[in-house]
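There are 2 protein chains.
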Amino acid sequence: MNVREAVFDQLVIEEAPKKTFLFSEGDSATCFYIVIRGWISIYRLSVEGKRANIGLFGPGESFGEAAMFLSMRYPVNGEVVENARFARMEARAMRQVIEDDPAIAFALLGSMSKHLKILVDHLSSDRLLSSVQRVARFLINLHDSNGKADVVRLPCEKAVIASVLGLTPEALSRAFSSMRGIGVGVVRREVTIGDPDRLREFALSGK
Amino acid sequence: MNVREAVFDQLVIEEAPKKTFLFSEGDSATCFYIVIRGWISIYRLSVEGKRANIGLFGPGESFGEAAMFLSMRYPVNGEVVENARFARMEARAMRQVIEDDPAIAFALLGSMSKHLKILVDHLSSDRLLSSVQRVARFLINLHDSNGKADVVRLPCEKAVIASVLGLTPEALSRAFSSMRGIGVGVVRREVTIGDPDRLREFALSGK
DNA sequence: GGCGATCCTTGATCTCGATCAACCGTCAGA
DNA sequence: TCTGACGGTTGATCGAGATCAAGGATCGCC
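Chains A and B, in that order, give the protein sequences. Residues 1 to 207, numbered by this note's numbering, are exactly what the first sequence covers, in order. Residues 1001 to 1207, numbered by this note's numbering, are exactly what the second sequence covers, in order.
Structure (structure tokens):
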């Protein structure tokens, strides 16, 4: 049995609607996940119940790997924010597969490096960019990962997007409004990007 | 030759004084580092030159692993902020060692998981805690990792600490002042923690 | 000792985004 | 058709922390 088969063999495919909670902070980290369809939000809560989104994972992305190598507890909460289909794999099985074939370890190292890089981007844009610049950057990313289409679709509710960007829903709404002048139009979940280069410039300079 | 020897064999020990730049954003990621003495700051710069500290690494900690598995470019800058002695290892040699012994891959996975966890903590405390709470949390961590001594020593300049916590030096200074009431005294780099439990409580509740 | 550099603190003011509150459009169910 | 829930927008106000500005302490060096 080759590596790919060994992995697939251990995967369990599941479906879950919006608002399904996959795990909570402190739960023992029994599996890691690969998203097939829909979106899943990873977040933390403050003592007062405020929510800080740590990650938003869509088709093709995986999460939960790190918890398997640490305390065996998830340090975050996971919730489906857009009806999802995903694959789950038992941590135990995963560790077995890795031991059987170290190539898997390299794949894992690659994916965790990517997560690290994304968190670094996240942290630095939180600290170095204005709210509007962060929104602009988010739209640019959406645009680039959708074949540079002029109209992109927000992956989930605006309130979740806001939380991803470290903003309140109100602030996100205002940010969208303020970008009308540079060719950004928002109707429900459809965002029209009139001038991608202008937007890109704006994300960098804030002007 | 066993694993440990194989790794040590490839390490190069170096020393560098404060203000030495180890690498810049965009440099090709040729090595990863293990700190022996002193402190090294990992940070990003905005277009206007503002600095966002991403990490602060001291004795026993390593950094730069992730870059080896990604674009081969450092996504951040690295600077010595407290006279340092550290070990360097060529990425090429590292990859070789991993291939020779997969146990190393597990060690790397563990260390990268830890980095991920730290970044998650960082990001969520930025968003969920007030500036004073973040400072309190920082002091608690110092206290705990120094055998719970009543007096802890700040690892480097206050301006760097401030940047680590996402604050201006002024804000850090004011945060210290405001914690006098709960038994925290700061004289140069010595921080006296009169009532650790009180401080811990404060870090959580902000009161 | 005198001088400047570095690091830190303190005060005054300003600004961005949070918060509070009202309102609108859409949709589902009675 | 009415009604309430939900998601979103907009307006008014507030406040934490940034920014600007000045001054103080400590140090090394001539």
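Each residue gets a CB set at the ideal place from its N, CA and C atoms; glycine is no exception.
query, result
"To the nearest angstrom, how far is the alpha carbon of R1198/B from that of E48/A?", "19 Å"
"Between I34/A and V76/A, how many whole angstroms is the CB-CB distance? I'm expecting something under 8 Å.", "About 17 Å; that fails the 8 Å criterion."
"So, is the C-beta of S1205/B closer than 9 Å to a C-beta in chain A?", "yes"
"Any chance you could list the alpha helix (DSSP H) runs of at least 4 consecutive residues sitting entirely within the stretch 1097-1157 of chain B, in chain order?", "1103-1128, 1131-1144"
"Counting only C-beta atoms, is I182/A closer than 9 Å to chain B at any point?", "no"
"Can you name, in chain order, every residue of its own chain whose Cβ lies under 8 Å from the Cβ of M1068/B, other than the five neighbours on each side?", "A1029, F1032, A1091, M1094, R1095"
"Name the chain A residues whose beta carbon is nearer than 8 Å to that of G1110/B?", "F69, L70"
"Give me the residue from K1050/B, V1081/B, G1055/B with the minimum Cα distance to A1016/B.", "V1081/B"
"Quick check on this structure: which residue in S178/A, V12/A, E157/A, R180/A has the alpha carbon closest to the alpha carbon of P169/A?", "E157/A"
"Under 9 Å Cβ-Cβ, which residues of chain A neighbour A1171/B?", "Here the premise fails: no neighbours, minimum Cβ distance about 13 Å."
"Should the stretch 1138-1147 of chain B be regarded as contacting the stretch 129-149 of chain A, the criterion being three or more beta carbon pairs within less than 8 Å?", "no"
"Can you give me, in chain order, the residues of the stretch 1143-1167 of chain B that have a beta carbon less than 7 Å from any beta carbon in chain A?", "G1166"
"Identify whether F1069/B lies in helix, strand or coil by the three-state DSSP scheme.", "coil"
"Let me check one thing: in DSSP terms, what residues is N209/A bridge-paired to?", "No information on residue 209/A is available, as it lies outside the stretch 1 to 207 that chain A covers here."
"If the cut is a Cβ gap below 8 Å, which residues of chain A does R1044/B touch?", "V120, S124, L128"
"Can you find a C-beta in chain A that's less than 9 Å from the C-beta of F1021/B?", "no"
"Report the neighbours of A1136/B on chain A: residues whose CB is nearer than 9 Å to its CB, in chain order.", "Those do not exist, as A1136/B stays about 13 Å from chain A at its closest Cβ, beyond 9 Å."
"Using a Cβ distance threshold of 8 Å, determine whether the stretch 1146-1163 of chain B contacts the stretch 1187-1203 of chain B, with at least three qualifying pairs required.", "yes"
"For W1039/B and F21/A, I'd like the C-alpha separation in whole angstroms.", "40 Å"
"Considering just the uninterrupted stretch of the alpha helix (DSSP H) at E1201/B, what are its terminal residues?", "1196-1205"
"What did DSSP end up calling E190/A once you bin it into helix, strand or coil?", "strand"
"Leaving out five residues before and five after M1001/B in sequence, what residues of the same chain have Cβ atoms less than 6 Å from its Cβ?", "The predicted position of M1001/B is uncertain, since its pLDDT is 44 and thus under 50; a value taken from the coordinates is nonetheless stated next. Nothing listed; no residue qualifies."
"Count the CB pairs spanning the stretch 1059-1068 of chain B and the stretch 1117-1124 of chain B that are closer than 8 Å, and state whether there are at least three.", "no"
"Along chain B, which residues have their Cβ under 7 Å away from the Cβ of V97/A?", "Chain B residues near V97/A: none, gap ~12 Å exceeds 7 Å."
"Taking a Cβ distance cut-off of 9 Å, strictly less, list which residues of the stretch 54-67 of chain A are near chain B, in chain order.", "I54, G55, E65, A66, A67"
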